[in-house]
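All letters in the sequence shown, in the order written, are residues -19 to -1, 1 to 992 by mature numbering (1 follows the signal peptide of the UniProt record, and there is no 0). Ideal Cβ placement from N, Cα and C applies to all residues, glycine included. Inspection log for the structure reproduced underneath, given as structure tokens.
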Amino acid sequence: MKRLLLFILVIMGCCGRFASDAKRCPATPTVVSPVEPLLVRSVVDDVRCRQWVDSVLGTLSLKERIGQLFIYTIAPYQDKGNKELLRKVVEDYKVGGLLFSGGLMQNQAMLTNEAQRMADIPLLITFDGEWGLSMRLRGTPVFPKNMVLGCIQNDTLLYEYGREMARQCRELGVQVNFAPVADVNINPKNPVINTRSFGENPVNVANKVIAYARGLEDGGVLSVSKHFPGHGDTDVDSHKSLPVLPFTRERLDSVELYPFRKAVQAGVGGIMVGHLEVPAFEAQRGLPSSLSRNVVYDLLTRELQFRGLVFTDALAMKGVSKHESLCLKALQAGHDLLLVPRRIKEEVDAILAAVKRGELTEQAVEEKCRKVLTYKYALGLNKKPLIRLSGLGTRINTPYTRDLIRRLNLAAVTVLGNAAKVLPLDPAIKDVAVLNVGEAAEMRPFIKQLSEYTHPVEFQLGKDLPAAGRKALRDKLSGYKRILVCVTEHRLAAYQSFFAEFAPDVPVVYVCFIPGKQLPQIRQGISAAEAVVLAHSSNDDVQRQVAGILYADAVADGRLSASIGSLFAAGEGMTLSPQTKSHFIPEEHGLDSRFLARIDTIAREGIREGAYPGCQVVVLKDGKEMYNKAFGTYTYTTGNKEAVPVTPASVYDVASLTKTTATLLAVMKLYDKGRLSLTDRVSDYLPYLQDTDKRNITVRELLFHQSGLPSTLLFYQDAIDEDSYEGTLFKARPDKLHPARIGRQTWANPNFRFRPGLTSKVRTAECTLQVCDSLWLNKSFKKEYLQKIADAPLRDKRYRYSCVGFILLQQVVEARAGMPMDEFLAQEFYTPMGLKRTGYLPLRFLSKEEIVPSSVDPFLRKTVLQGFAHDESAAFQGGVSGNAGLFSTAEEVAQIYQMLLNGGELNGKRYLSKETCRLFTTTVAKGCRRGLGFDKPDVQNPAKSPCALSAPASVYGHTGFTGTCAWVDPDNGLVYVFLSNRIYPEVWNAKLLKSDIRERIQEAMYRAVLK
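Written out as structure tokens, the structure reads:
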């Protein structure tokens, strides 16, 4: 476990994600220091290791030392002839290791035990297990091919796979696995590598190679990366002929060599050299890289500084076998271990003769033999290992093994396309057509799981349907709003005529339980699909997972490891998870998308006319998102500096929208709990009002803005030292003393000081209320502004919009809740609702870069306000106030108002009672349009209404000074939210108000409602 955790940290630090469009990496070779392979790092200076190696070497003749460099391939058969061959190569030639060619696991295990008993020096048992033991042994666990694993984003799973393979190898008495394949397969016509590769992106391949290799070696098995210097871009199989890599050195560095270089630097222990002709490194035509000293020694050992074991690929392959004295030439090229052909006697004799002729020194043989023995010691072969035969199959195929295979398969599922966000599917659509392409019986797990979300109606696509049959099937499918094409058939030519004509008007999703390379067979159908789910296989677990993915009830985060023809590029893919919001087609929910599209034009008009730098717009219908877009930038572009684009996640200062998105929610919650009544006198909870003219103000009057309180009070003026500035603070025209414009006809004198001891540039024990970046206010100021409210003259109780009233409501909330209002709201609403970007004091939980600047204050705070409330009253309360100070996104504001529209419930959780919601959202004050805290349309005087002309009287919501609004229409089931920073950089910018942008967008929404 410690090694696993260490590996995770290393991967996080060293293995960056690959760019989707990157097929090459920096080509400039750099001088590197040699890296001792991790597997032998602990034994190279170990006295016991050195003693054992010396003692073994001392007993070996030259011929026996040569034998230690041979890996002999033998069939796992129990017949007399095979056993005699085994005895001969082990006892007579003292080969260093064996490679079994395939067959049954039990046979291999028995022959391995027999061979180890024969051997004077324990044998290296090697295995060719690129996708597990099942590559060579029948009846063993089947892991996904590397091309599938290359889609996985979590490389720790590859490490875990390597560890599990090491465990299985050790159980089978195997110390060396000829894996992973480090070739970058950028040639889809490659006849031999192809799906054996992790893909076509060198960085992704390198990361996967390192992760898997480390898992193997941490589990005590030597990994051998192959086929150096890179077999991925060939159209010739080196088993049958000699492929040529006609590329420049720069290209080879950037593609083929990249994973090998990274693997060497990561400390892998073994590399296998392929049989390839590479003119960039070897000028002799027809000479395979496996026999080229320029490739093996000069490039791999000297330039790349590889210090591990160098293996040949099988020397019986036709890409090399025509050469004489293969083993001698391979040793001279720089290899340590030879995968020898059957003619072992001739090869050993050729090497002995070469030593006698001086073509190969005894010292070179001894150095290679010593290296091999050192690795044997590191792999535990200083003692003879024996396999426990009883229960071997059970120990190989464990529940953990099966679970790991399941997790690897699930992690590779890749969602492609989906530009129109048809996925996740809309669960409100109860009947979904499922067109089976393949055996219907094979799809039972998928259909059964799909039935948990919808009613699947199955259709079967027959092979080579005549035109009439194809039309009849298309006509039947046309009656459904969603179509799933589920493909399990690999040979798709017989279906091409159907898909060439299949282009329905409704969204079609292809669910492909086949390898991606098969998809070009039905290119026309795939090209027209709204989305494709590439599952790679039809395993039962995968089928069930894919059904969940379609409805965002399970996670899919795969990315294509290799291009699929011209359909999809490597790196493509998107993440779907339970957190992914569903996207809905407006027409299916009573809205016309053509009218909704007009919102784009209006929103962009506002930017073009300078009404605001950027904005967010969200429209919900019956709780479903019909429209969600962000426009423009955080600020206007100045000079060469690019402005930051607004996204749906950008956070805005919502200003007075705080009143209904924060304070009113808290009041409603306390009302719900019986801790507050609308007829309660505010002075009952705020004693400092009891002996004032405000003692009889009720909660209802504050909510209706009919308390007699003034609209606002300039609290901050009490913080300014009156003797610190010359003349007046404000003036109707600019002059030398009043250069700071703060309103349409107001200029201010910024040359003032705050009262001594009241402020600090940093937080102190007394100054705890942060006003902006470098301004902290003494906490005692709270008493002063409350006293200012108490002393303010009360006026008549007709409607007068009052921020002061909502500041008092905040005090009432905190008195009754027994905690600060921001904490109460987070506890009761924002946190349980999953709103991660909504709250006061946003810099406590967000970075400044995530927050849109509200405005520039040249007078009071003398800075850009980003993450701090623009409203001065809220700012001088430390940012938490009943009238302003909340920050959020249009998406999250919409969720709050949807909860109110739902009668206090959201996503199955109740926050307020239906009765409370009904009372607060329907009650209207006498003599004005206001509701209980909410603003409403002015049906008596539409010209002064804050809403669109089409808004019915039942609508409720609020607006904000920074250029925000949120409106709920219970008659039509609509929620509309608009957020902007219209006062950036100048607070007197009234273009948003004059152009009625918010109202026109709302009107476009109403025009979209289908009658």
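| message | Quick check: what's the CA-CA separation for Gln792 versus Tyr965? | response | As a working mapping, residue 792 is identified with position 811 in the sequence shown. As a working mapping, residue 965 is identified with position 984 in the sequence shown. Whole-angstrom Cα-Cα distance: 30 angstroms.
| message | Quick check on Cys748: does DSSP put it in helix, strand or coil? | response | Residue 748 sits at position 767 when you count from the first residue of the sequence shown. Here Cys748 sits in strand by DSSP.
| request: Can you grab the Cα-Cα spacing for the pair Arg734 / Ala807, in whole Å? | output: The sequence position of residue 734 within the sequence shown is 753, counting from 1. The sequence position of residue 807 within the sequence shown is 826, counting from 1. Between Arg734 and Ala807, the C-alpha separation is close to 36 angstroms.
| Quick one: Cα of Val190 to Cα of Leu601, how far? | Here the question's residue 190 lines up with position 209 in the sequence shown. Here the question's residue 601 lines up with position 620 in the sequence shown. Straight-line spacing of the CA atoms in Val190 and Leu601 works out to 47 angstroms.
| Assigned exposure category for Val173 - 16 Cβ within 10 Å defines buried | In the sequence shown, counting from the first residue as 1, residue 173 sits at position 192. With 16 or more other Cβ atoms within 10 Å, it is buried.
| Helix, strand or coil: which one does DSSP assign to Leu645? | The residue you call residue 645 lines up with position 664 of the sequence shown. In the structure shown, Leu645 sits in a helix (DSSP, three-state: H, G or I).
| message | Beta-carbon within less than 7 angstroms of residue 1014's beta-carbon, same chain only, minus the 5 sequence neighbours each way: which residues are those? | response | Look at the range of the chain in this structure, -19 to 992, and you will see that residue 1014 is not part of it.
| With 16 other Cβ atoms within 10 Å as the buried cut-off, status of Val743 | Counted from its first residue, the sequence shown places residue 743 at position 762. By the neighbour-count rule (16 or more Cβ atoms within 10 Å), Val743 is not buried but exposed.
| On the three-state DSSP scale, how would you describe Trp757? | To locate residue 757, count along the sequence shown from 1; it is residue 776. Strand, per DSSP.
| Counted within 10 angstroms of its Cβ, other Cβ atoms place Tyr381 as buried (16 or more) or exposed | The residue you call residue 381 lines up with position 400 of the sequence shown. By the beta-carbon neighbour count (other beta carbons within 10 angstroms, threshold 16), Tyr381 is exposed.
| field | Per DSSP, the bridge partner or partners of Cys493 | value | In the sequence shown, residue 493 corresponds to position 512, counting from 1. Beta-bridge pairing links Cys493 to Val468, Leu515.
| What is the residue span of the beta strand (DSSP E) that Leu307 lies within? | As a first step, residue 307 must be located in the sequence shown, where it is residue number 326. Boundaries for Leu307: no beta strand (DSSP E) harbours it, while the alpha helix (DSSP H) harbouring it runs 307 to 314, taken from the DSSP string.
| field | Reduced DSSP secondary structure (H/G/I, E/B, other) of His208 | value | By one-based count along the sequence shown, residue 208 stands at place 227. Residue state, collapsed to three classes: strand.
| field | Local conformation of Asp916 per DSSP, three classes | value | Here residue 916 is taken as the residue at index 935 of the sequence shown, counted from 1. Three-state DSSP puts Asp916 in a strand.
| field | Sheet register partners of residue 1004 (DSSP bridge) | value | Past the boundaries of the shown model lies residue 1004; the chain is included only from -19 to 992, so the question cannot be answered.
| Does the separation of the CB atoms of Ala971 and Asp634 fall below 8 angstroms? | By 1-based counting over the sequence shown, the position of residue 971 is 990. By 1-based counting over the sequence shown, the position of residue 634 is 653. It is not a contact, given that the beta carbons lie outside the stated cut-off.
| query | Cys350 and Val418: beta carbons closer than 8 angstroms? | reply | Counting from one through the sequence shown, the residue named residue 350 turns up at place 369. Counting from one through the sequence shown, the residue named residue 418 turns up at place 437. Taking a C-beta distance under 8 angstroms as the contact criterion, Cys350 and Val418 do not qualify as a contact pair.
| said: In the DSSP assignment, the alpha helix (DSSP H) including Leu431 goes from what residue to what residue? | reply: Mapped onto the sequence shown, residue 431 falls at position 450. For Leu431, the uninterrupted alpha helix (DSSP H) run begins and ends at 425 to 431, by DSSP.
| query | Under the three-state reduction of DSSP, which class applies to Met555: helix, strand or coil? | reply | Locating residue 555 in the sequence shown gives position 574, counting from the first residue. In the displayed model, Met555 falls within a strand according to three-state DSSP.
| query | Considering only residues of the same chain and omitting the five flanking positions on each side of Pro834, which have a CB-CB separation below 7 angstroms? | reply | Here residue 834 refers to the residue found at position 853 of the sequence shown. Residues Tyr615, Thr616, Val845, Leu846, Gln847, Asn962, Tyr965 of the same chain have their beta carbon placed closer than 7 angstroms to that of Pro834, with the five preceding and five following residues left out of the count.
| task | Could you check what DSSP says for Gln983 in three-state terms: helix, strand or coil? | result | The count along the sequence shown starts at 1 and reaches residue 983 at position 1002. Helix at Gln983.
| request: Taking only the alpha-carbon atoms, compute the straight-line gap between Ile503 and Ser478 and give it to the nearest angstrom. | output: Your numbering for residue 503 matches position 522 in the sequence shown. Your numbering for residue 478 matches position 497 in the sequence shown. Approximately 9 angstroms between the Cα atoms of the pair.
| field | Whole-number beta carbon distance between Leu775 and Leu659, since they are thought to touch under 8 angstroms | value | Reading the sequence shown from its first residue, position 678 is the one you call residue 659. Reading the sequence shown from its first residue, position 794 is the one you call residue 775. The pair is not a contact, with the Cβ atoms about 20 angstroms apart (cut-off 8 angstroms).
| message | By DSSP's criteria, Arg722 is part of a beta bridge. Which residues make up the other side? | response | Position 741 of the sequence shown, counted from the first residue, corresponds to residue 722. Arg722 is bridged to Trp728.
| Phe942 versus Ala636, Asp661, Ala187, Thr107, residue with shortest Cα-Cα distance | Locating residue 942 in the sequence shown gives position 961, counting from the first residue. For the set Ala636, Asp661, Ala187, Thr107, the Cα lying nearest the Cα of Phe942 is the one of Ala636.
| field | 6 angstroms CB neighbourhood of Val76 in its chain, flanking five on each side removed | value | Taking the sequence shown and counting its residues from 1, the one referred to as residue 76 is at position 95. Excluding positions up to five away in sequence, the list reads Gly48, Phe51, Tyr53, Val70.
| query | With distances taken between CB atoms, is the gap from Val394 to Gln286 smaller than 8 angstroms? | reply | Taking the first residue of the sequence shown as position 1, residue 394 is located at position 413. Taking the first residue of the sequence shown as position 1, residue 286 is located at position 305. No. Outside cutoff.
| Straight-line CA distance for Arg376 to Ala192? | Residue numbering aside, residue 376 sits at position 395 when the sequence shown is read from its first letter. Residue numbering aside, residue 192 sits at position 211 when the sequence shown is read from its first letter. Our two residues, Arg376 and Ala192, have alpha carbons roughly 24 angstroms apart in a direct line.
| said: Rounding to the nearest angstrom, what Cα-Cα distance links Lys925 and Ala624 in this structure? | reply: Position 944 of the sequence shown, counted from the first residue, corresponds to residue 925. Position 643 of the sequence shown, counted from the first residue, corresponds to residue 624. Roughly 35 angstroms between the two C-alpha positions.
| request: Whole angstroms is fine: what's the gap from Leu645's alpha carbon to Glu606's? | output: The residue you call residue 645 lines up with position 664 of the sequence shown. The residue you call residue 606 lines up with position 625 of the sequence shown. Between Leu645 and Glu606, the C-alpha separation is close to 24 angstroms.
| request: Compare the C-beta of Ser664 against all C-beta atoms of chain B and say whether one is closer than 8 angstroms. | output: In the structure shown, chain B does not exist; there is a single protein chain.
| field | In chain order, each alpha helix (DSSP H) run of at least 4 residues that lies wholly inside the region 436 to 464 | value | Listed in chain order, the alpha helix (DSSP H) elements of length 4 or more contained wholly in the region 436 to 464 are 448 to 458.
| field | Pro7 burial status per 10 Å Cβ neighbour count (16 or more: buried) | value | The count along the sequence shown starts at 1 and reaches residue 7 at position 26. For Pro7, the predicted structure reports a pLDDT of 46, less than 50, and the residue's modelled location is therefore unreliable. A value from the coordinates is still provided. Label assigned to Pro7: exposed.
| Would you say Leu92 and Leu67 are within 8 angstroms of each other, going by their C-beta atoms? | Indexing the sequence shown from 1 puts residue 92 at position 111. Indexing the sequence shown from 1 puts residue 67 at position 86. Yes, they are a contact pair.
| Presumed contact (8 angstroms Cβ cut-off) between Gly289 and Gly250, rounded CB distance | As a working note, residue 289 is residue 308 in the sequence shown. As a working note, residue 250 is residue 269 in the sequence shown. Confirmed, about 4 angstroms.
| task | Go to Ile106, then tell me how far its beta strand (DSSP E) extends in each direction, as first and last residue. | result | As a first step, residue 106 must be located in the sequence shown, where it is residue number 125. In the DSSP assignment, Ile106 falls within the beta strand (DSSP E) that extends over 105 to 108.
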